[in-house]
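Working notes, structure below.
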Amino acid sequence: MNWNQFILYLLVAYFIYYLINILLDLLRPKPMYAENSGQEELTFFEEHQPETVVENDVQKEEKKSKAASSNNRQTISSGLIHATGGVSLKQLFSLAQSDLIEFTKTIPY
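Printed below as a string of structure tokens:
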């Protein structure tokens, strides 16, 4: 038996297997969903009714004062931010060779 015959037999076996599965699914009696459709229904009821909220004068004044105070603030810059843990690829290999870092796979040098 060569590879072509083996692959052909394998394909025929898969075809017959799936054909039997499809025929069994088609011949199987289908369940009646119309009788039980009301039992599997999930319904949610809203307990709270929506209500309209009106903004009063005090809340409007507070918003205006917050907006005005945020515009008057001066921001303080922290300067340039430098990363402390970045290394180049060459440094990474040297750290791995000297066993200063832990690595899980072998690195080809």
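full-length UniProt numbering numbers the first residue of the sequence shown as 1 and each following residue consecutively. Heads up, the beta-carbon is just placed ideally off N, CA and C, and yes, glycines get one too.
- Spanning the alpha carbons of residue 86 and residue 92 requires a straight line of approximately 9 angstroms.
- In the three-state DSSP reduction, residue 58 falls in the helix class (H, G or I).
- The three-state secondary structure of residue 11, taken from DSSP, is helix.
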